[in-house]
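S.K.: Numbering (this note's numbering), first residue to last: 154 to 865.
Right, here's the structure in full:
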């Protein structure tokens, strides 16, 4: 890819780089940003014509595409060379807070204690177990450090141990396309059987006979999980039997076993509708039975206890969900009986079932609650949580026959704890407290708040904040505002030791709980999707304005960040209100919404019509086009922008951010920084190692800290 003869960005860059600029001025003046070639492509739908000059980037096999991405990477590296040492220092700083030699809290299942641990200097976990007692000899099941050798990316998932504890199925991905190969390991001999099941979700489940395995396979083009197969130990995967095919392209399918271990369950799920099929786990050659036929707009999930199923559902307009019960012999919806009624102000999120107790996870006014009840109705109470900026929820609870509930808890300004709570005696035991190493962290130095920002339509949008108590609240402090806002995914006010690198340099960190998430219940999600999607963007902007008005920060010191669908949010806000932000970080951003949602060959597209709308319908086409960041780039000043992507991303294809950056370079009228940083080895989740991922965070933090002149 040839470099362009565009005008260098030096004058304003010098002001941004402050002291570092004097030494680098002449060198920076010679650095020119890449300019992508323009090959007009006519895209027509509903009589509307769009000209896409960068459509040609949609081909990772094209040498010109790779050249362009490499040119952008080279430009980014040269323009930020003066911060390279600072990036390295930030990485080491963040890493130094993390306990390198660490292990999970052990949990017991079928006579074995299971543990995953890390060793000093190593990137990946080691999965092990001990028989009967924690004092027993360790059996290493999987050492991911050895398995990752020779791979730039590695991920292990879906470890499933056979009922007799002798075998384990597992999935590995070495490309970062989320296409996993399943294999089986003999845990007694260490042998990994040669048969490989390719292109799966990575997860699998054993029938009770210990030789039959069920798993989900993906469409090789769209990567939609659409088929469930049955594999019999000792046979070739080519002989595997197809037991279910989800033909509706808007659904994905998966398979699991109930906690009671009585049933194998196949699930089919779209954004707003679910359906399940069940099979007695003792009869792997039997036929799956539909639990209750799909009904558009009705979502449900199931848990089994003794002779009944418990169904969490939004049926009968139970927007915030209710819990129902059905005899396992008659599971169709007409046989469901109400167990916990729907409540307008309380979102019912999950239920955990034990022998004598059931635990309901709820969310009221944005806050997590856990209610413990005896099956016999003699006792019911809530776990007490006091803060307004905390996260709490059930942890690993695989044992059915126990009085111990394991849960996690952390506040935005204090590390997480793992706790065993005895539901009978109401006593708790802290099993693990997250250690923040380095000797500098004291939770008493930080303050957390929850604010309510007025949205333009009268709604109140919650914001969770954390900052050092000595941080000025006079408008002069830098503020990092983060949000996601899609799919009903709630970003809770969690603690992060990595975030301390901002807080200890005077930053305020804010999570805006915008519509599109479920922080304030299911209606909060419904009010931020489809034809309400713009509420997500305006909520974020209104939160920014409120934080400025309340003197937490100013436009000169306000930074925004979001990834994937949150990257769409970043693309929208820089089009709608660029003057509010000094810098924006867009990680793997979903920014070419119209083109992507019209291409049903791209992974995830068809399954997301219920989230964004189907632009094959003109009404949706017009609405999506009105906010799609790529389609709304125009000639004006934009904030400083750092944009990241991965060449092998299966969720948001690399060409979306690449095209967006190219178009921004063409249209923007400012001299602010604009970087495209492509990981040529990874995908949607970035680097796979626990410390390698910190290097990517260090890049992002260095970008905004440099803009603040805080790199020394």
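Note that the Cβ used here is the ideal one computed from N, Cα and C, for glycine as well. None of these values were measured; they are calculated from a predicted model.
Quick one: which unbroken beta strand (DSSP E) runs of 3-plus residues sit fully inside the segment 730-766? Chain order, please.
M.R.: 736-740
S.K.: Which residues bound the beta strand (DSSP E) around residue 407?
M.R.: 405-410 is the extent of the beta strand (DSSP E) around residue 407.
S.K.: Assuming the contact rule is C-beta atoms closer than 8 Å, residue 505 and residue 547 should be a hit. Round their C-beta distance to whole Å, please.
M.R.: Cβ-Cβ separation between residue 505 and residue 547: approximately 5 Å, consistent with a contact (criterion under 8 Å).
S.K.: Which same chain residues, not among the five before or five after residue 820, have their C-beta less than 7 Å away from its C-beta?
M.R.: 786, 787 and 788
S.K.: Quick check on DSSP: helix, strand or coil for residue 524?
M.R.: strand
S.K.: What does the alpha-carbon distance come out to for the pair residue 114 and residue 579?
M.R.: Because the chain spans 154 through 865 in this model, residue 114 falls outside it and cannot be assessed.
S.K.: Can we say the segment 182-195 touches the segment 217-231, given the rule of at least three CB pairs closer than 8 Å?
M.R.: Result yes; three or more Cβ-Cβ pairs closer than 8 Å.
S.K.: By the three-class DSSP mapping on this structure, what secondary structure does residue 688 have?
M.R.: Residue 688: helix per DSSP, three-state reduction.
S.K.: Examine the Cβ distances between the segment 428-445 and the segment 410-419 and report whether three or more of them are shorter than 8 Å.
M.R.: yes
S.K.: If you count every other CB in all the chains shown that lies within 10 Å of the CB of residue 202, and 16 or more means buried, which is it?
M.R.: exposed
S.K.: Just tell me which of 256, 477 and 282 has its CA closest to the CA of residue 271.
M.R.: For residue 271, the closest of 256, 477 and 282 by C-alpha to C-alpha distance is 256.
S.K.: How many whole angstroms separate the CB atoms of residue 542 and residue 564, which I take to be in contact at a CB cut-off of 8 Å?
M.R.: 6 Å
S.K.: Mind reading off the beta-carbon distance from residue 743 to residue 718? Whole number of angstroms is fine, and I expect it under 8 Å.
M.R.: 5 Å
S.K.: Report the three-state DSSP secondary structure of residue 471 (helix, strand or coil).
M.R.: coil
S.K.: Whole-angstrom Cβ separation of residue 458 and residue 413, contact assumed at under 8 Å?
M.R.: 7 Å
S.K.: Could you tell me the distance, in whole angstroms, from the CA atom of residue 317 to the CA atom of residue 265?
M.R.: Approximately 11 Å between the Cα atoms of the pair.
S.K.: Is DSSP giving residue 697 helix, strand or coil here?
M.R.: Helix at residue 697.
S.K.: Under 8 Å: do the segment 445-456 and the segment 472-488 share three or more Cβ pairs, one atom per stretch?
M.R.: yes
S.K.: Spell out the partners DSSP gives residue 324 in its beta bridges.
M.R.: 310 and 335
S.K.: Starting from the Cα of residue 211, find the closest Cα among 851, 771, 774 and 800 and give me that residue.
M.R.: 800
S.K.: Any idea which residues DSSP pairs residue 477 with across the strands?
M.R.: 464 and 491
S.K.: Per the contact definition of three or more C-beta pairs closer than 8 Å, is the segment 662-670 in contact with the segment 610-621?
M.R.: yes
S.K.: Excluding the five sequence neighbours on either side, which residues of its own chain have a C-beta within less than 6 Å of the C-beta of residue 816, listed in chain order?
M.R.: 786
S.K.: Is there contact here, the segment 805-815 with the segment 205-222, by at least three beta-carbon pairs under 8 Å?
M.R.: yes
S.K.: Hey, how far is the Cα of residue 398 from the Cα of residue 435?
M.R.: 22 Å
S.K.: DSSP three-state label for residue 304, please.
M.R.: coil
S.K.: Are the beta-carbon atoms of residue 759 and residue 403 separated by less than 7 Å?
M.R.: In this structure, residue 759 places its C-beta atom within 7 Å of the C-beta atom of residue 403.
S.K.: Comparing C-alpha positions only, which one of 737, 659 and 679 sits nearest to residue 697?
M.R.: 737
S.K.: Spatial neighbours of residue 771 within its chain, please: C-beta separation below 6 Å, excluding the five flanking residues on both sides.
M.R.: 199
S.K.: Kindly indicate which three-state DSSP category residue 390 falls into: helix, strand or coil?
M.R.: helix
S.K.: Contact defined as beta carbons within less than 8 Å: I believe residue 453 pairs with residue 472. What is the distance between those atoms, to the nearest angstrom?
M.R.: The pair is not a contact, with the Cβ atoms about 14 Å apart (cut-off 8 Å).
S.K.: Grab the span of the beta strand (DSSP E) containing residue 557 for me, first residue to last.
M.R.: 557-564
S.K.: Could you give the uninterrupted runs of the beta strand (DSSP E) lying entirely in the segment 232-283, keeping only those of 3 residues or more?
M.R.: Taking only runs of at least 3 residues, the beta strand (DSSP E) segments lying wholly in the segment 232-283 are 260-262 and 265-271.
S.K.: Which residues in the same chain as residue 708 place their Cβ atom closer than 8 Å to its Cβ, once the five residues preceding and following it in sequence are excluded?
M.R.: Within the same chain, residue 708 has close Cβ partners 701, 732, 733, 734 and 735.
S.K.: For residue 467, which option in 703, 495, 440 and 358 has the closest C-alpha, if you only look at C-alpha atoms?
M.R.: Nearest option by C-alpha distance: 495.
S.K.: What does the alpha-carbon distance come out to for the pair residue 855 and residue 384?
M.R.: 49 Å
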